[in-house]
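In my numbering, the protein residues as written are 1103 to 1508. For each residue, glycine too, the CB sits at the ideal point set by N, CA and C. Treat the numbers as computed from the prediction; the structure is a model and nothing was measured. Inspection log for the structure reproduced underneath, given as structure tokens.
Here is the structure:
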């Protein structure tokens, strides 16, 4: 919605107590968030000055505002702005009383309540979605100070008080991603296995609120937008995702066509699902994916939807390059050209391929791939700790050669 549309056509008093002053403040708050989201910093600063002149203090850290007359409200999330929320609908959704106090006011900073934790988790996810990793790390440190650990792979947070919650659907108006749903489905099954029905029910309720229903009898989950996927069997969970027949039904059939877009998507999702249940087994799952479609198959080669297009062929190191390495470098370049962010499963595949190249003593190719991962995805490899970590906070284990069957 254009910035101009968010301003009032009537003259407003500068006094916060004047009729309609509250609505005008909210209009300006929404306008400022629209400008910030569009990186129109000049407009954002100008609007903030208007708010200050009206006696309004903006508290970006807690996503709230407060006026000198005691009225207050929350700042809309970027997902709300991106979803086309109007000022009028935002005012309605805040459920404000006549006195200006909100029943859904953001919790006080550092109070440690579940509502405050959820608020910080939401703000961190939105910062990550905007690639503001410095701010995302700041929120993570605040959560850590409150005794809250974030588990990005599991899409869960856990507090030292015993409270827990999910990380889902905070990055936009399109609802939870397949990877988010798949990861939480695994966590729910693990909770059920452990007779932790409180956690199991919490996850199911959170998924339902996000438009995802779990059908235990059918062993399927279905989203209200038509997406669906399998619920893994307990044998697959106990095996750490290594039971390909249980986690990825039908993939072992010889000669299965790999051109179907849904099949390709499910392969990636299920590999991420295995990583969520046990990060150390992710590489084994990916190896099973490759074996299911023939010896030596590389995952990006099966993803016809990933365009290399204008990037063109990738030149390997002098003296030739391993075919799998060439395909991996082409995939990395396609991500760089299109701005596509790889899934956790794809990062695990790339890290595992580098280990495979090292085991084959193809050190030039291994170094080329490492540099590509570092420059394109800001992925660093810690050989001593056998861990990899991205600048956006994602991390995982570097697979042992024995675990890869090398």
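Query: Unbroken beta strand (DSSP E) run spanning residue 1482, endpoints; Result: 1481-1484
Query: Within 7 Å, strictly: CB atoms of residue 1127 and residue 1154; Result: no
Query: Reduced DSSP secondary structure (H/G/I, E/B, other) of residue 1127; Result: helix
Query: Whether residue 1450 touches residue 1498 by CB criterion (7 Å); Result: yes
Query: DSSP beta-bridge partners of residue 1177; Result: For residue 1177, which the question treats as bridged, DSSP gives no partner whatsoever.
Query: Where residue 1250 falls, given that 16 or more other Cβ within 10 Å makes a residue buried; Result: buried
Query: Cβ distance (whole Å) where residue 1430 is taken to contact residue 1471 below 8 Å; Result: 6 Å
Query: Selection from 1308, 1248 and 1149 that minimises the alpha carbon distance to residue 1261; Result: 1248
Query: Through-space distance from residue 1252 to residue 1301, alpha-carbon basis; Result: 16 Å
Query: Counted within 10 angstroms of its Cβ, other Cβ atoms place residue 1246 as buried (16 or more) or exposed; Result: exposed
Query: Span separating the alpha-carbon of residue 1298 from that of residue 1179; Result: 33 Å
Query: Same chain, Cβ closer than 8 Å to residue 1306, five either side skipped, listed in chain order; Result: 1290 and 1316
Query: Helix, strand or coil at residue 1296 [DSSP, three-state]; Result: coil
Query: For residue 1259 and residue 1223, believed in contact at Cβ under 8 Å, the rounded distance; Result: 6 Å
Query: Assigned secondary structure, residue 1318 (DSSP; H/G/I helix, E/B strand, else coil); Result: coil
Query: Other residues of its chain near residue 1293: CB distance less than 6 Å, five sequence neighbours each side excluded; Result: 1301 and 1302
Query: Residue range of the beta strand (DSSP E) that includes residue 1099; Result: Shown here, the chain extends from 1103 to 1508; a query on residue 1099 therefore has no answer.
Query: Closest by C-alpha distance to residue 1501, when choosing among 1456, 1481, 1475 and 1149; Result: 1456
Query: Test item: CB-CB of residue 1475 and residue 1468 under 7 Å; Result: no
Query: Those residues which DSSP pairs with residue 1166 across a bridge; Result: 1161 and 1176
Query: Per-residue burial, residue 1488 [other beta carbons within 10 Å of its own, 16 or more giving buried]; Result: exposed
Query: Separation of residue 1495 from residue 1478, as counted between CA atoms; Result: 15 Å
Query: Same chain only: Cβ atoms within 7 Å of residue 1278, ignoring 5 sequence neighbours per side; Result: 1270, 1271, 1312 and 1314
Query: Beta-bridge partners of residue 1509, as assigned by DSSP; Result: There is no way to answer for residue 1509, as the model of the chain reaches only from 1103 to 1508.
Query: Local Cβ density within 10 Å of residue 1228, reported as buried at 16 or more and exposed below that; Result: buried
Query: Where residue 1331 falls: helix, strand or coil (DSSP); Result: strand
Query: Which listed residue (1335, 1295, 1284 and 1483) has its alpha carbon closest to that of residue 1323; Result: 1284
Query: Pairwise C-alpha distance: residue 1288 and residue 1257; Result: 10 Å
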